[in-house]
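Asks: Questions regarding the structure given below will be posed in turn.
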Amino acid sequence: MARLWRAGAKLSLVASAVGGGITAALIATSDDPETALKLCATVPNRLFRDAVTAANIAFDYEYSLWGLPEGSSERERIKHEVHLRSAQKLQELCFKNGGVYIKLGQHLGQLEYLVPEEYVRTMRESMLNRCPVSSYEQVCNVFKKELGDTPDKIFSEFDPVPIASASLAQVHVARMHDGKRVAVKVQHTHMTDTAAADHATVELVVNTLHRFFPSFDYRWLIDEISESLPKELDFLTEAKNSERCLENFHKLSPHIANYVYAPKVYWNLSTSKLLTMEFMEGAYVNDVKTIQKLGISLHELSMLVSLTFAEMMFKHGFVHCDPHAANLLVRPLPSSKASIWGRRKPQLILLDHGLYKELDIETRTNYASLWKALVFADANAIKEYSTKLGAGEDLYALFAGVLTMRPWNRVVDPSMDHLVIQGNESDRLELQMYASQYFHQISELLRRLPRVILLMLKTNDCLRAVNNCLLQGSSLETFFIIGRVSSEAVIEAKMLQSKSFLTWLNVKLDKILLEVRLWGMQVALWLLQLRKSLSWSNQAL
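Count the sequence shown with mature numbering (1 follows the signal peptide of the UniProt record, and there is no 0) and you get residues -19 to -1, 1 to 522, in order.
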């Protein structure tokens, strides 16, 4: 425990010392020195707050669990209480600091089965709907600086109360002079400066904790923030990403292009800190009751979400990496009519295009090959492509487990539903046990993997949380979709690389064999569904 006190004291002293250096640098590099000067009073406080929270959480775990036998019911009870207290302390820190911290809290809320349930539940219940709100005066200041006038002059109507607020910006509803309703995304004031300070403080905390607790190695997170945050703070980049995403679906995935949509951008009313878009009406993908009232099947929507992101990852190589529930809307397909049972086809609306990742052809093909191997339970191919993606020959099985949330014996099980997560308490406890048991190896794996693959893991976490909300687990059809799209992507890559007639013929044969295999899976899937239907009918009788 003395070591923990020393760590906390050291972190606090370093925070205080470094605070002055960061604030001086903030003034020197800021586009707005006057505003930066105001921030100087807050940066040391943020650093000190980080240090105290980190030391407090670490001490709570060490002190509360001291002397309690591993595996005892008393230790588990106390551990649950410490998890809950620590999650609440972390939540409080995120809200007090705002900005980047809220984004980190949102990501933590998506890591179901990898971090204790208390953290996931605490973050998920608060981080998506309790973000800080900028005042209308602050919004007007952004408008004046970016467009030269206040929102009430630029638009015929502008609601000063935002309909949504996120970590970096908030959204207002407005009406243009031609009567069109629009959504206006306004960056929180001086976010660029606070983001730079946040990056420095998070880097200090993570590096210091790693020094005193070597098993806590999340330094890769700093590199990812350094690369992605400037892009997320440039709304013109977000607008370009949005248009490129839709263009990819129309060119590369025309079979589902009508089922995926992104709001139209009004470029003449958009800048790096303001984004004016078509206003979209729909239900969030986790609003199950509203979705059902719209006549949309939860199962069909889940399949559309899986297919949309499978196409992005394996065929487009340009992936929306922040698909949490607040960034996904659904509405009935505008061109569709209700069936005789009142059902409507879903259209998925993608929001917040600030965080995208591009996969080069080699990485994309290796990633598709790995998922194909996972779906078909091919142990040798799993090892081969996990190693190619950076996991190494010693951690390839763990990498497969992190991707699928299944233990290795299930990953290589030849049964049809070997990757399906039921979403029950038994599954949850099993996965948390593995996560706890292999925490050090998971940290090492995350350190090794390329950042692009780390964002694919984050994307998988978000999608898994969405599907779990819609279906209370994962479904066999989800993995059938992943298997088909990843296999098609691998075949297409081989076709592009084939330089001789013999190679081309061999690839064609692989394609035929793949179709036969997928057809067999589809038949087995239909039979399994039929058996379940008959079982439910018998139970009802």
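Backbone N, C-alpha and C define an ideal beta-carbon position, used for all residues, glycine too.
Going by alpha carbons, who is nearest to Leu340 out of Asn361, Glu374 and Cys302?
Replies: Translated into the one-based positions of the sequence shown, residue 340 becomes position 359. If we check each option's Cα against that of Leu340, Cys302 comes out closest.
Asks: Apply the 10 Å Cβ neighbour rule to Glu51 and answer buried if 16 or more other Cβ atoms are within range, or exposed otherwise.
Replies: What you label residue 51 is simply residue 70 of the sequence shown in a count that begins at 1. Classification for Glu51: exposed.
Asks: How is the alpha helix (DSSP H) around Leu288 delimited, first residue to last?
Replies: Here the question's residue 288 lines up with position 307 in the sequence shown. Start and end: Leu279 to Glu292.
Asks: Could you pull out every unbroken beta strand (DSSP E) segment of at least 3 residues lying fully inside the segment 145 to 189, listed in chain order?
Replies: Complete beta strand (DSSP E) runs here, min 3: 150 to 156 and 162 to 168.
Asks: CA-CA distance, Cys75 and Arg192?
Replies: Your numbering for residue 75 matches position 94 in the sequence shown. Your numbering for residue 192 matches position 211 in the sequence shown. Straight-line Cα distance between these residues: approximately 23 Å.
Asks: Kindly identify the DSSP beta-bridge partner or partners of Met258.
Replies: Along the sequence shown, read from residue 1 onward, the residue named residue 258 stands at position 277. Met258 pairs with Ala164 and Val246.
Asks: Under a Cβ-count criterion, where at least 16 other Cβ atoms within 10 Å of its own Cβ denotes burial, should Pro132 be classed as buried or exposed?
Replies: Against the sequence shown, residue 132 aligns to sequence position 151. Looking at its Cβ environment, which holds 16 or more other Cβ atoms inside 10 Å, Pro132 is buried.
Asks: Mind listing, in chain order, the continuous alpha helix (DSSP H) runs of no fewer than 4 residues lying wholly within the segment 452 to 497?
Replies: For the segment 452 to 497, whole alpha helix (DSSP H) runs of length 4 or above, ordered along the chain, are 457 to 478.
Asks: Terminal residues of the continuous beta strand (DSSP E) containing Arg325?
Replies: In the sequence shown, the residue the question calls residue 325 occupies position 344. Per DSSP, Arg325 belongs to no beta strand (DSSP E) and is neither H nor E.
Asks: Taking only three categories from DSSP, how would you classify Ile272?
Replies: Walking along the sequence shown from the start, residue 272 turns up at place 291. Three-state result, Ile272: helix.
Asks: May I ask you to report which of helix, strand or coil DSSP gives Leu426?
Replies: Indexing the sequence shown from 1 puts residue 426 at position 445. Helix, per DSSP.
Asks: Quick one: grab the DSSP three-state call for Val311.
Replies: As a first step, residue 311 is located in the sequence shown; it is residue number 330 there, counting from the start. Looking at Val311 - three-state DSSP - the assignment turns out to be strand.
Asks: Of the residues Leu494, Gly276 and Ile206, which one's Cα is nearest the Cα of Val433?
Replies: As a first step, residue 433 is located in the sequence shown; it is residue number 452 there, counting from the start. When only C-alpha atoms are compared, the closest one is Ile206.
Asks: According to the neighbour-count rule (16 or more other Cβ atoms, all chains shown, within 10 Å of its Cβ), is Leu288 buried or exposed?
Replies: Taking the sequence shown and counting its residues from 1, one reaches residue 288 at position 307. Buried, since its Cβ has 16 or more Cβ neighbours within 10 Å.
Asks: Can you tell which of Glu374, Asn441, Phe260 and Phe460 has the C-alpha that lies nearest to the C-alpha of Met157?
Replies: Taking the first residue of the sequence shown as 1, we reach residue 157 at position 176. Per the Cα distances, Phe260.
Asks: Do you know how far the Cα of Leu46 is from the Cα of Trp(-15)?
Replies: Taking the sequence shown and counting its residues from 1, one reaches residue -15 at position 5. Taking the sequence shown and counting its residues from 1, one reaches residue 46 at position 65. A caution first: Trp(-15) carries a pLDDT of 38, below 50, which makes its placement in the model unreliable, though a value can still be read off. Taking the straight line from one Cα to the other gives about 16 Å.
Asks: Going by the beta-carbon positions, is the gap between Leu329 and Val241 smaller than 8 Å?
Replies: On the sequence shown, residue 329 is found 348 positions in, with the first residue counted as 1. On the sequence shown, residue 241 is found 260 positions in, with the first residue counted as 1. Yes; because the gap between Cβ atoms is below 8 Å, this pair is in contact.
Asks: By the 10 Å Cβ neighbour count, where 16 or more other Cβ atoms means buried, how is Thr459 classified, buried or exposed?
Replies: Here residue 459 corresponds to residue number 478 of the sequence shown, with the count starting at 1. Thr459 is buried by the Cβ-count criterion.
Asks: Under 8 Å, do Leu332 and Asn308 count as touching if we go by C-beta distance?
Replies: For the purposes of this step, residue 332 is taken as the residue at position 351 of the sequence shown. For the purposes of this step, residue 308 is taken as the residue at position 327 of the sequence shown. Yes, the pair counts as a contact, with Cβ atoms nearer than the cut-off.
Asks: Using the Cβ count rule (16 or more neighbours within 10 Å means buried), how would you classify Gly80?
Replies: Position 99 of the sequence shown, counted from the first residue, corresponds to residue 80. Per the 10 Å Cβ criterion, buried.
Asks: Who are the near neighbours of Lys364 in its chain, counting only those whose CB is closer than 6 Å to its CB and skipping five residues on each side?
Replies: In the sequence shown, the residue the question calls residue 364 occupies position 383. Same-chain partners within the cutoff: Tyr377.
Asks: Please name the residue in Glu118, Gln119 and Ile83 whose C-alpha comes closest to that of Met104.
Replies: Taking the first residue of the sequence shown as 1, we reach residue 104 at position 123. It is Ile83.
Asks: Please work out which residues of its chain come closer than 6 Å, Cβ to Cβ, to Phe124, disregarding the five sequence neighbours upstream and downstream, and give them in chain order.
Replies: The count along the sequence shown starts at 1 and reaches residue 124 at position 143. Thr131 and Pro132, listed in sequence order.
Asks: Using only the alpha-carbon positions, how far apart do Leu400 and Asp140 sit?
Replies: Position 419 of the sequence shown, counted from the start, is the residue given in the question as residue 400. Position 159 of the sequence shown, counted from the start, is the residue given in the question as residue 140. Straight-line Cα distance between these residues: approximately 47 Å.
Asks: Indicate the three-state DSSP secondary structure (helix, strand or coil) for Lys338 in the structure shown.
Replies: Counting from 1 along the sequence shown, the entry for residue 338 is found at position 357. Residue state, collapsed to three classes: strand.
Asks: According to DSSP, Phe299 sits in a beta bridge with which residue or residues?
Replies: Counted from its first residue, the sequence shown places residue 299 at position 318. In the DSSP output, where bridge partners are listed per residue, Phe299 has Glu339.
Asks: Closer than 8 Å by C-beta to His88: which residues in its own chain qualify, once you throw out the five before and the five after it? Chain order, please.
Replies: Indexing the sequence shown from 1 puts residue 88 at position 107. Excluding positions up to five away in sequence, the list reads Lys439 and Asp442.
Asks: According to DSSP, simplified to helix, strand and coil, what is Glu228?
Replies: The residue labelled residue 228 in the question sits at position 247 within the sequence shown. It is helical.
Asks: How is the alpha helix (DSSP H) around Leu46 delimited, first residue to last?
Replies: As a working mapping, residue 46 is identified with position 65 in the sequence shown. Careful: Leu46 lies outside any alpha helix (DSSP H) and carries neither H nor E.
Asks: With burial defined as no fewer than 16 other Cβ atoms inside 10 Å of the residue's Cβ, what is the status of Gly90: buried or exposed?
Replies: Here residue 90 refers to the residue found at position 109 when the sequence shown is read from its first residue. So Gly90 ends up on the buried side.
Asks: For residue 526, is the classification buried or exposed, using 16 other Cβ atoms within 10 angstroms of its Cβ as the cut-off for buried?
Replies: Given that the chain is displayed from residue -19 to residue 522, the structure contains no residue 526 and the question cannot be resolved.
Asks: Suppose you measure from the CA of Val471 to the CA of Lys353; what does that come to, to the nearest Å?
Replies: On the sequence shown, position 490 is the one that residue 471 refers to. On the sequence shown, position 372 is the one that residue 353 refers to. C-alpha separation (whole angstroms): 9 Å.
Asks: For the alpha helix (DSSP H) containing Tyr117, name the first residue and the last one.
Replies: Within the sequence shown, the letter at position 136 stands for residue 117. Segment Tyr117 to Leu128, the alpha helix (DSSP H) holding Tyr117.
Asks: Identify whether Phe380 lies in helix, strand or coil by the three-state DSSP scheme.
Replies: For this step, residue 380 is matched to residue 399 along the sequence shown. Reduced to three states, the DSSP call for Phe380 is helix.
Asks: What does DSSP give as the partner residues of Leu331 in its beta bridges?
Replies: Taking the first residue of the sequence shown as 1, we reach residue 331 at position 350. Paired residues: Leu309.
Asks: Under three-state DSSP, which class holds Glu51?
Replies: Counted from its first residue, the sequence shown places residue 51 at position 70. Reduced to three states, the DSSP call for Glu51 is coil.
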